[in-house]
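Below you'll find the structure, written out as C-alpha cells, and then a few comments.
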Amino acid sequence: MNTTPLYEAHQAHGAKLVDFAGWSMPLQYSGVIDEYHAVRRQAGLFDVSHMGRLWFSGKGALDFLQWVTTNDVAKLSVGQAQYSMVCNPEGGIKDDVFVYRTGSDDYLLCVNASNREKVSQWLSEQQVQRPHGFTLQDRSLQMAQLALQGPSSKSILSKILNNSSLESLKPRWCLDTTISGGKVLITRTGYTGELGYELYLESDQAAEFWKQLIQVGEAHGLKPAGLGARDLLRLDMGYFLYGNDLTEETTPVEAGAEWVVGFQKPEFIGDSVLKTQKQNGSTRRLIAFELLEKAVPRHDMTIYAKDEQVGQVSSGNLSPVLQKGIGLGYVSPQYSSEGTALAIQVRGKKVPAVVVKAPFYKRKPAS
Amino acid sequence: MEPSDLRFHKEHEWIRVDGQEATIGISQFAQDALGDVVFIELPKVGAIFEMEQELGEVESTKATSTIYSPVSGKVIRVNQELDEHPELMNQDPYGQGWIAVIELSTPAEADQLMTAEQYEGFLKSEA
Numbered sequence: 260m261n262t263t264p265l266y267e268a269h270q271a272h273g274a275k276l277v278d279f280a281g282w283s284m285p286l287q288y289s290g291v292i293d294e295y296h297a298v299r300r301q302a303g304l305f306d307v308s309h310m311g312r313l314w315f316s317g318k319g320a321l322d323f324l325q326w327v328t329t330n331d332v333a334k335l336s337v338g339q340a341q342y343s344m345v346c347n348p349e350g351g352i353k354d355d356v357f358v359y360r361t362g363s364d365d366y367l368l369c370v371n372a373s374n375r376e377k378v379s380q381w382l383s384e385q386q387v388q389r390p391h392g393f394t395l396q397d398r399s400l401q402m403a404q405l406a407l408q409g410p411s412s413k414s415i416l417s418k419i420l421n422n423s424s425l426e427s428l429k430p431r432w433c434l435d436t437t438i439s440g441g442k443v444l445i446t447r448t449g450y451t452g453e454l455g456y457e458l459y460l461e462s463d464q465a466a467e468f469w470k471q472l473i474q475v476g477e478a479h480g481l482k483p484a485g486l487g488a489r490d491l492l493r494l495d496m497g498y499f500l501y502g503n504d505l506t507e508e509t510t511p512v513e514a515g516a517e518w519v520v521g522f523q524k525p526e527f528i529g530d531s532v533l534k535t536q537k538q539n540g541s542t543r544r545l546i547a548f549e550l551l552e553k554a555v556p557r558h559d560m561t562i563y564a565k566d567e568q569v570g571q572v573s574s575g576n577l578s579p580v581l582q583k584g585i586g587l588g589y590v591s592p593q594y595s596s597e598g599t600a601l602a603i604q605v606r607g608k609k610v611p612a613v614v615v616k617a618p619f620y621k622r623k624p625a626s
Numbered sequence: 003m004e005p006s007d008l009r010f011h012k013e014h015e016w017i018r019v020d021g022q023e024a025t026i027g028i029s030q031f032a033q034d035a036l037g038d039v040v041f042i043e044l045p046k047v048g049a050i051f052e053m054e055q056e057l058g059e060v061e062s063t064k065a066t067s068t069i070y071s072p073v074s075g076k077v078i079r080v081n082q083e084l085d086e087h088p089e090l091m092n093q094d095p096y097g098q099g100w101i102a103v104i105e106l107s108t109p110a111e112a113d114q115l116m117t118a119e120q121y122e123g124f125l126k127s128e129a
C-alpha cells in the first residue's frame, strides 16, 4: 500500500484511512458531513497526493499532448490550465485529466490515482511512435498535492504567501511561487465547486506546509477533509468520477463533455469516433437528475421512463445541502432533455425523478 | 462498554425490553461502520415483522444498509425525529437515535439475543 507524505499527519488528526486505488487515504476525519459543510461554508484541506503528476518538457510537448488529449492544448497561455480527457482510438475515455501549461514548452498532466499506471504506460507507448522533441517524467511519487477549498481559502493562503498575485489569480490559472523557501505551484482549480486552490510541491515539504495551513486556517474554520466529503462535493457540481461516470466504454460526447473536445484542432486519438458521434448522435447520453421523493440513488441502479428500462445510474447520493437525492446516469438520448420525467429503481420501489441541468448546487456569488 | 440493559443481534441491532415492548436501534459499532447517516427509511406504525425480517433501511454517505428486526412483533411507535435529524443515529445510537418500538409477539426471543458482554466478545472475534 502506498502512503502519502502526510500519512502521519492524517493519523494525528484521527483520520479513518481506507484503501483507495492502492493508496492509504483519509476517508474522513471529524465526519463526512461536517467536513462537507466546512468546505461549503469556510474551508477544507484535502491531501490529494495520490493523484498522478506527469511532466512534459520540450518543443515537441505541445504536439504530443495535442495527439493524446482531447481538448485544444494550443489554447493554453503560459500559466493556464484546462480540463481534458485521454481517449483510446475508439473514443473511450482512458482518464479525465487536467493539463497545465507551466512554461512555454512545459506542461503538467494531472491524472487520476486509479489510472496513473495505465495512462503512464499508454503515453510511453505513444511516445515510442511520436518521440520528437520532449521528455516525459512521472514525478508522482516525488511530489505531494494538496487541495485547499472553500470560501475562506483565499484568506488562509494569502496569510502564508508573500505574493500579491494570488489576489488576481483567475479560475484555471496557476502561479509559480515559493513558500518557506520551497517551490510551490498554486493553481486555482478543485473538485468542489467552491473558490479553491491546489498546491503542487515537493514531498519533503508537504508535512510542514500542511501543518502551517492547518494552524493558520484554524481561525478561518479550516478542517482537514477526506475522500467522503470530496465525493459529495463533486457530485453536487455534477463533476465526473472516473470509474463511475467515465470508463473506457464511454466517450466524451456520451458524457456530454463536448466542451473538452477540440473538434477544430489537429488529429488526435479517438477523434474520428468523437466527430461521428457529434454529427450523428450517440446511443446514450449522460444526464443529471434529482429525485422528487426523499431517497438515495446509487451507482448501478436502473433508470426507467414509464415502465421501460432506459439507463443506469453512474453516481448518486443525498446532497447534504439540497437534502435531495441527486445523481448522474446514462440514458437513451430521447430521455436526456431537461425536464424529462424518469424514475429510479431504489431497491423495490420506483422513485420519480426529473432530468435537470448540472450543477445541482449553485454557489453564492463571492462577496 | 456496551450498555448492560440491552440485548444485541449479530447484525448489530439492539433492543431494550420494557414489559411487552422493545425499543430497537443500531449499535455503536454499526453507526461507526456506516459513517454519517443521511436518511432512514422507517417502518410503518402497525407493520408486523418476524424476527430477522427487514425492518428498514439506513442510508449513509457511503452506502445503504438494511436494518433487521431482532425480534418479532408489531411496530407501535417510530422515531420521527430521525426524519429531520438522521445524525442522532450517529450521535446517540443507544438513546435519541432509536428507530422503533415493537410490541413483542414472542417475548422469549429476546433471550436468544446476545448480552452486552457477549456482544463485546462477538465484536472482538469479528475484528
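Residue numbers (this note's numbering), protein chains in the order written: chain A, 260 to 626; chain B, 3 to 129.
Note that beta-carbon positions come from the ideal geometry of N, C-alpha and C, so glycine has one too.
Everything numeric in this text was worked out from a predicted model, so none of it was measured.
Straight-line gap, residue i to residue j (C-alpha atoms, nearest Å)
i                            : j                         : result
isoleucine 438 of chain A    : arginine 299 of chain A   : 26 Å
serine 626 of chain A        : valine 291 of chain A     : Bear in mind that the predicted position of serine 626 of chain A carries a pLDDT of just 46, short of 50, making it too unreliable to give a figure here.
alanine 129 of chain B       : glutamate 426 of chain A  : 50 Å
tyrosine 295 of chain A      : tyrosine 288 of chain A   : 11 Å
leucine 587 of chain A       : glycine 123 of chain B    : 43 Å
valine 47 of chain B         : alanine 564 of chain A    : 32 Å
serine 336 of chain A        : glutamine 396 of chain A  : 22 Å
phenylalanine 305 of chain A : proline 611 of chain A    : 35 Å
alanine 547 of chain A       : aspartate 495 of chain A  : 10 Å
aspartate 278 of chain A     : glutamine 270 of chain A  : 14 Å
lysine 482 of chain A        : leucine 405 of chain A    : 13 Å
tyrosine 592 of chain A      : glutamine 82 of chain B   : According to the sequence shown, residue 592 of chain A is proline rather than tyrosine. The straight-line gap from Cα to Cα measures roughly 41 Å.
valine 332 of chain A        : arginine 431 of chain A   : 13 Å
tryptophan 518 of chain A    : lysine 623 of chain A     : 24 Å
valine 555 of chain A        : asparagine 576 of chain A : 5 Å
glutamate 15 of chain B      : asparagine 92 of chain B  : 14 Å
serine 6 of chain B          : tryptophan 381 of chain A : 59 Å
aspartate 463 of chain A     : alanine 403 of chain A    : 8 Å
aspartate 20 of chain B      : tyrosine 121 of chain B   : 20 Å
valine 356 of chain A        : valine 345 of chain A     : 7 Å
serine 74 of chain B         : alanine 49 of chain B     : 11 Å
serine 399 of chain A        : cysteine 369 of chain A   : 9 Å
Beta carbon of residue i nearer than 8 Å to that of residue j
i                            : j                         : result
threonine 545 of chain A     : aspartate 504 of chain A  : The sequence given here has leucine at residue 545 of chain A, not threonine. In this structure, aspartate 504 of chain A lies closer than 8 Å to leucine 545 of chain A by Cβ.
serine 541 of chain A        : glutamate 567 of chain A  : no
proline 264 of chain A       : alanine 274 of chain A    : no
isoleucine 104 of chain B    : valine 60 of chain B      : no
phenylalanine 527 of chain A : threonine 361 of chain A  : no
leucine 472 of chain A       : lysine 413 of chain A     : no
leucine 500 of chain A       : valine 520 of chain A     : no
alanine 340 of chain A       : valine 358 of chain A     : yes
glycine 529 of chain A       : glutamate 349 of chain A  : yes
leucine 407 of chain A       : asparagine 422 of chain A : no
glycine 311 of chain A       : valine 387 of chain A     : no
CB-CB length for residue i against residue j, believed under 8 Å
i                         : j                        : result
alanine 24 of chain B     : leucine 84 of chain B    : No, alanine 24 of chain B and leucine 84 of chain B are not in contact; Cβ-Cβ is about 18 Å, not under 8 Å.
tryptophan 326 of chain A : glutamine 385 of chain A : 7 Å
alanine 602 of chain A    : lysine 609 of chain A    : 4 Å
tyrosine 459 of chain A   : tyrosine 498 of chain A  : With a Cβ gap of about 20 Å, tyrosine 459 of chain A and tyrosine 498 of chain A do not count as contacting.
methionine 116 of chain B : arginine 18 of chain B   : Not a contact, Cβ separation roughly 14 Å.
threonine 68 of chain B   : glutamate 56 of chain B  : 5 Å
glutamate 89 of chain B   : aspartate 34 of chain B  : Contact doesn't hold; Cβ gap of about 13 Å is too wide.
Minimum C-alpha distance to residue i - residue among the options
i                           : options                                   : result
tyrosine 70 of chain B      : B/Ile28, B/Arg18 and B/Gln22              : B/Ile28
tyrosine 589 of chain A     : A/Pro264, A/Phe527 and A/Thr506           : A/Thr506
histidine 11 of chain B     : B/Gln22, B/Gln98, B/Ala35 and B/Glu54     : B/Glu54
glutamate 86 of chain B     : A/Tyr620, A/Val615, A/Phe619 and A/Lys553 : A/Lys553
lysine 470 of chain A       : A/Pro430, A/Lys429 and A/Leu416           : A/Leu416
proline 72 of chain B       : B/Gln120, B/Gly37 and B/Pro109            : B/Pro109
glutamate 457 of chain A    : A/Phe393, A/Gly409 and A/Asn261           : A/Gly409
threonine 448 of chain A    : A/Gly441, A/Gly440, A/Leu428 and A/Asp463 : A/Leu428
glycine 607 of chain A      : A/Met560, A/Gln582, A/Ala403 and A/Lys583 : A/Met560
alanine 302 of chain A      : A/Gly476, A/Ser308, A/Leu551 and A/Ser343 : A/Gly476
phenylalanine 41 of chain B : B/Ser127, B/Gly97 and B/Lys64             : B/Lys64
Extent of the continuous alpha helix (DSSP H) to which residue i belongs
i                            : result
arginine 300 of chain A      : 291-300
leucine 324 of chain A       : 320-327
leucine 416 of chain A       : 412-418
glutamate 426 of chain A     : 424-427
isoleucine 473 of chain A    : 462-476
phenylalanine 124 of chain B : 118-128
serine 684 of chain A        : Past the boundaries of the shown model lies residue 684 of chain A; chain A is included only from 260 to 626, so the question cannot be answered.
aspartate 495 of chain A     : 486-496
lysine 616 of chain A        : Unbroken run through lysine 616 of chain A: none, as it is neither H nor E.
phenylalanine 499 of chain A : Premise fails: phenylalanine 499 of chain A is in no alpha helix (DSSP H) and is neither H nor E.
Extent of the continuous beta strand (DSSP E) run through residue i
i                        : result
glutamate 61 of chain B  : 56-62
glutamate 567 of chain A : 567-578
valine 555 of chain A    : Looking at the DSSP string, valine 555 of chain A is not in any beta strand (DSSP E), and its letter there is neither H nor E.
glutamine 408 of chain A : 402-408
arginine 389 of chain A  : Element bounds for arginine 389 of chain A: n/a, residue is neither H nor E.
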